[in-house]
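Trainee: Residue numbers (my numbering): 20 to 517.
Here's a structure for you.
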Amino acid sequence: MIPLLRNAQNYLERICVRFEDEVFIYSDLLSRSHSIASFLLNGQSHLNGARIAYLVNPGFDYVSIQWGIWRAGGIAVPLCVKHPVPSLSYVLSDTTASHVIYGADFKATIQELEGLHQDIPMTHVARLNAEPCELPELHLDEDALILYTSGTTGNPKGVVLSHSNLNAQINALIEAWKWSKNDTILNVLPLHHIHGIVNAMLCPLYIGAEVVFVERFTPKNVFSAFLSGKINVFMAVPTIYFKLIAFYEELSSKEQEGISAVLKQFRLMVSGSAALPVSVLEKWKKISSHILLERYGMTEIGMAISNPYDGERRPGHIGQALPGVSVKIVQEDGEEVAPAAQGEILVKGLNVFSRYWNKKEATVKGFTKDGWFKTGDMAVFDKGYYRILGRNSVDIIKSGGYKISALEIEEVLRKYQGINECAVVGIPDDEWGELIAASLIVEGETEIDLSALDAWLRTRIPSYKLPRHYIFQEDLPRNVLGKVTKNVLKQIIKDQIS
Ligand code: MLC
Ligand code: AMP
């Protein structure tokens, strides 16, 4: 049995998940996931790594389905609840999913998916009932999860994480951030990414702590949950802290005092998935009396580098390597850089994934010959702390904490009638980290109606991948026409916006 499931037996009567007035204990989770595993097995002894996709909102069902898939020997493939049908369909085809489980809110989406994937059974979560049967023995070396991440190839790639990877990632954070069974975390993050799944859900469940979910992220929902007085841990991307600060600043001073008093009692507040602007760190410190703990991670490696829990949390820096994680910075030829020189972050350890799903070439490219994973992030090790400088590809954008491939958006844009060529870039933005912008070259005299283009794109790509600013080739300064690199384009659009 894997430690995560074994541990749960020790906390049977403790609360594992809370959603509004509904409260579930660990024994509920074990019995519900047993029933789901039995349903999925349907007489087989082991799912042997079959991919089971699920489209459900955060909550008890989500966790029970994830654990049910694992207990039956399947690989869990969480689908993004905000993705349009083509993005969901891509994941089902790419993983050759053998089953889809869905929640009540997704009937319409599922109907469309059923039309496209007639060979895949799709089951409503309420129908996942079966007499508990004997479950297979689960081993750490088995594959556990496939999470999709964007890269410098058009379509997102599936990152395969084993139970051993997850176990290493969880244990590093439990030790470094001093998780305890008395913690209660508010989790408002999407549950198809490592941040929401591992850091803010599996870590607390591993240790016997409580996870509180709310219907959806809004600053109001977050502050109401905080005011309940029970929550003492929070983790989010910088955009969420930015939005919380903006909301807080509009409140009356009495309401502000109430919130600040509650926040002061928290044990831990973490930021990650994108660079935390020092201005956000400072404003949040005034509001909460906490210096946010900034850490660095990636879908392929979980968390790798973190500011210390007890020592100095240095603004603008990401800290030191986590327990069990090896980190080095190398120059282009792969040699380690001189102290304090910049280069690419490489990572090694049990936390690091083994392969991209069905993408041998991309997997080989992702690692050095001696097994270090190449993150593509540039950094320096500066007076005892790593500091991120940027990415080595202009085609990777981080917006709202989501990793987005410029090439993927360009491919879709080129399919729109009247667009001959395009280039997509990320422009620095206080709220979103980066805002997506696109430069278009249109066919002849074509006039592009941007709201029609926006509506068209929304049916094809998730809303966080939508360009928020457009520039047309004829609007570019004459001296750069014809020799516009993406870096020049970024600067031009940035200047236009400001
Ligand atoms: C949404 N909107 C955006 C946008 N995303 N505008 C500009 N840029 C973006 N990226 C707009 C929408 O179009 C809409 O406007 C309005 O904002 C509200 O949309 P929403 O979808 O309801 O947004 P919201 O729920 O407020 O989402 C913001 C957010 C979300 C920050 C909560 O982006 C989020 O959950 N991000 C977390 C991503 C994450 O977990 N990443 C971790 C990856 S793992 P309109 O006008 O259209 O109505 C990883 C490794 C690691 O990175 O280290 O952790
Ligand atoms: P993802 O592929 O969505 O898991 O995103 C991983 C990427 O997020 C990393 O490669 C970094 O570029 C970025 N990232 C994560 N944490 C931080 C951080 N604290 N500061 C800067 N970038 C970060």
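Glycine residues also receive a C-beta, built at the ideal position from the N, C-alpha and C atoms.
(1) Tyr-315 and Ile-216 - do their beta-carbons sit closer together than 8 Å?
(2) Alpha carbon to alpha carbon, how far is Leu-59 from Ala-91?
(3) Sorry if obvious, but does the Cβ on Pro-486 come closer than 7 Å to a heavy atom of the ligand MLC?
(4) If the criterion is Cβ atoms closer than 8 Å, does the pair Val-36 and Gly-78 meet it?
(5) Given that a residue counts as buried once 16 or more other Cβ atoms are within 10 Å of its Cβ, and exposed if not, what is Thr-318?
(6) Can Met-220 be considered in contact with the ligand MLC, in the sense that its beta carbon sits closer than 7 Å to one or more heavy atoms?
(7) Compute the minimum distance between the beta carbon of Glu-301 and the heavy atoms of the ligand AMP, and state whether it is under 7 Å.
(8) Rounded to whole angstroms, what is the Cα-Cα separation between Asp-468 and Trp-475?
(9) With distances taken between CB atoms, is the gap from Thr-171 to Trp-376 smaller than 8 Å?
(10) Between the Cα of Leu-180 and those of Arg-374, Lys-402, Leu-454 and Ile-480, spot the shortest distance and give me the residue it belongs to.
(11) If the criterion is Cβ atoms closer than 8 Å, does the pair Leu-263 and Pro-238 meet it?
(12) Please determine whether the Cβ atom of Ser-418 lies at a distance below 7 Å from any heavy atom of the ligand MLC.
(13) Out of Leu-369, Gly-385 and Glu-493, which has the shortest C-alpha to C-alpha gap to Ala-191?
(14) For Phe-253 and Met-288, which I take to be in contact (beta-carbon distance under 8 Å), what is that distance rounded to the nearest angstrom?
(15) Can you give, in chain order, each stretch of the beta strand (DSSP E) that sits fully within the region 160-211 and has at least 3 residues?
(16) Whose C-beta lies closer than 6 Å to the C-beta of Tyr-332 among residues of the same chain, with five residues either side of it excluded?
(17) Considering only their Cβ atoms, is the gap separating Gly-362 from Val-349 smaller than 8 Å?
(18) So is Asp-396 buried or exposed if we call it buried at 16+ other beta carbons inside 10 Å?
(19) Exposed or buried, which one is Ser-243 when buried takes at least 16 other CB atoms within 10 Å?
(20) Are there 16 or more other CB atoms within 10 angstroms of the CB of Phe-400, so buried, or fewer, so exposed?
(21) Since Ser-424 and Gly-173 are thought to touch, with beta carbons under 8 Å apart, how far apart are those beta carbons, to the nearest angstrom?
(22) Could you give the residue range of the beta strand (DSSP E) that holds Thr-128?
(23) How would you write the range of the alpha helix (DSSP H) that Val-110 sits in, first residue to last?
(24) Bridge partners of Met-322, per DSSP?
(25) Relative to the C-alpha of Tyr-121, which candidate in Tyr-109, Pro-140, Asn-439 and Lys-273 has its C-alpha closest?
(26) Quick one: which unbroken alpha helix (DSSP H) runs of 4-plus residues sit fully inside the region 220-303? Chain order, please.
(27) I'd like the list of long-range same chain contacts for Ala-340, defined as Cβ closer than 7 Å, with 5 residues on each side in sequence excluded.
(28) Would you list the residues sitting across from Met-20 in a DSSP beta bridge?
(29) Please classify Gln-7 as buried or exposed, where buried requires at least 16 neighbouring CB atoms within 10 angstroms.
(30) Taking the alpha helix (DSSP H) that Val-356 falls in, what are its first and last residues?
(31) Which residue comes first and which comes last in the alpha helix (DSSP H) that contains Lys-509?
(32) Is any heavy atom of the ligand MLC found at a distance shorter than 7 Å from the C-beta of Gly-526?
(33) Can you name, in chain order, every residue of its own chain whose Cβ lies under 8 Å from the Cβ of Asn-61, other than the five neighbours on each side?
(34) Between the C-alpha atoms of His-488 and Tyr-167, what's the straight-line distance to the nearest angstrom?
(35) Beta-carbon within less than 7 Å of Phe-125's beta-carbon, same chain only, minus the 5 sequence neighbours each way: which residues are those?
(36) Quick check on the DSSP output: the alpha helix (DSSP H) that includes Thr-382 runs from which residue to which?
Mentor: Judging by the given coordinates:
(1) Contact flag unset, no.
(2) 7 Å
(3) no
(4) yes
(5) Buried is the call here.
(6) no
(7) no
(8) 11 Å
(9) no
(10) Arg-374
(11) A contact, by the Cβ cut-off of 8 Å.
(12) yes
(13) Leu-369
(14) 5 Å
(15) 162-168, 176-181 and 203-206
(16) Here residue 332 is Arg; the residue named in the question, Tyr, does not match the sequence. Excluding positions up to five away in sequence, the list reads Ile-310, Leu-312 and Asn-326.
(17) yes
(18) Buried.
(19) exposed
(20) That one is buried.
(21) Sure, about 7 Å apart at Cβ, within 8 Å.
(22) Element bounds for Thr-128: not the beta strand (DSSP E) but the alpha helix (DSSP H), 126-135.
(23) 104-114
(24) Gly-316
(25) Pro-140
(26) 222-226, 238-246, 257-268 and 272-283
(27) Cβ neighbours of Ala-340 beyond the five flanking positions: Ala-323, Ile-324 and Val-346.
(28) Bridge partners of Met-20 according to DSSP: none are assigned.
(29) Only positions 20 to 517 of the chain appear in the structure, and residue 7 is not among them; the question remains open.
(30) First-last for Val-356: undefined, no H or E at that position.
(31) 505-516
(32) Nothing can be reported for residue 526: it is not among the residues displayed for the chain, which extend from 20 to 517.
(33) Ala-149
(34) 26 Å
(35) Leu-74
(36) 379-385
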